[in-house]
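If you use numbering that gives the first Met the number 0, the sequence shown corresponds to residues 0 to 246, in order.
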Amino acid sequence: MSRTPNEKALEAHDLYRQGRLLVEISDALGVPVGTVRSWKNRQKWDCNATPKRNVAKRRGGQPGNKNAVGHASSSPAENKNAEKHGFFSKWLPEETQEILQVIGGSNPLDLLWDNIQLQYAAIVRAQKIMHVKDQDDMTKVLKRQKETSGLSFDGWEKEYELQFAWDKQANFLQAQSRAMKTLESMIKQYDEMLHKDWAAATEEQKARIAALKAKAQTDDPGSTEDDGFMAALIGKVDEVWSDESGE
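What follows is the structure, given as structure tokens:
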């Protein structure tokens with residue numbers, strides 16, 4: 000006995016044929032994106048898609064033209080040129096395509112702000128990874144090894160690299176300095192983009208840079224009212240640390 004087709008799956012297929020993205024279909028039907036993706040894969044929407052006709056604009060030779068007779072089409076089978084994201088769907092993994100779909104409508108200013116947060120979180124995370132305990136904090140790292148054979152025994156020849164405290168501290172300071180300069184440049188760019196079109200900026204976008212300036216101008220970080228920026232960043236970093244320690 001054949002199964003009754005899922006009405007939402009059929010409706011999702013129709014929306015997909017209209018050029019709608021998986022995320023948009025998910026929002027329209029109120030189902031998870033993973034469910035829509037599962038329908039797409041099981042029912043082979045891409046393979047079963049019928050080409051759309053465009054009556055308003057017809058391209059090609061004049062009526063009666065026979066220049067194409069005997070010449071095969073230059074487009075390969077299952078051509079995806081007509082898809083809205085044909086290039087991405089051909090070369091990028093599906094997970095990456097979904098990320099692009101989510102951020103596709105994001106404001107450039109918001110994308111830059113996300114990068115600022117990620118950069119700052121990376122700087123905070125580096126404090127733990129590159130921490131130097133004291134001047135006797137030395138790290139022994141295996142650089143290379145090879146198997147050796149002799150008359151009386153076989154063994155391994157190993158070469159180690161010793162990283163002394165002052166070397167590790169110097170490398171950390173250099174890396175931190177570069178990271179801070181990058182962060183400073185990103186914040187400056189955010190400020191410039193914000194003021195270039197101040198009237199179109201949202202109140203949230205304006206409040207972000209105002210909070211950063213307030214923190215930079217005060218000598219006492221505790222005197223500035225906490226807007227949740229620092230807590231949010233440190234909270235994200237704490238989640239990363241807890242995930243790593245649990246592995």
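Built from N, CA and C at the ideal position, the CB exists for glycine as well.
First and last residue of the uninterrupted beta strand (DSSP E) at residue i
i    : result
R143 : 138 to 148
L161 : 153 to 162
Residue closest to residue i, alpha-carbon to alpha-carbon, out of the options
i    : options                : result
V32  : D45, C46, K7           : K7
E156 : F163, Q134, D13, E146  : E146
V131 : A200, G103, L172, Q17  : L172
W38  : H12, A213, L28, Q204   : H12
K247 : F163, G154, Q118       : Any property of residue 247 remains undetermined from this structure, which presents the chain solely from 0 to 246.
K142 : D153, G154, Y159       : Y159
K205 : S148, L108, D136       : L108
L182 : I24, W112, R16, Y15    : W112
S184 : D196, L193, I115, A199 : I115
N5   : M137, G104, A213, R41  : R41
N170 : S105, Q118, A125       : A125
G29  : G18, E10, L117         : E10
W165 : Y15, K43, M137, R36    : M137
R16  : R36, S25, D45          : D45
Residue i - DSSP class collapsed to helix/strand/coil
i    : result
G104 : coil
N80  : Confidence at N80 is low in this model, with a pLDDT of 42, below 50, so the placement of that residue is unreliable and no value is reported for it.
D196 : coil
R19  : coil
H12  : helix
M129 : coil
D166 : helix
D135 : coil
T201 : coil
N114 : helix
K43  : coil
L182 : helix
L99  : helix
N5   : coil
L91  : coil
Limits of the alpha helix (DSSP H) - the one that residue i falls within
i   : result
V30 : Careful: V30 lies outside any alpha helix (DSSP H) and carries neither H nor E.
Proximity of residue i and residue j at Cβ, strictly below 8 Å
i    : j    : result
L211 : I186 : yes
E97  : V22  : yes
I128 : A178 : no
L20  : Q100 : yes
L91  : I102 : no
I208 : D196 : no
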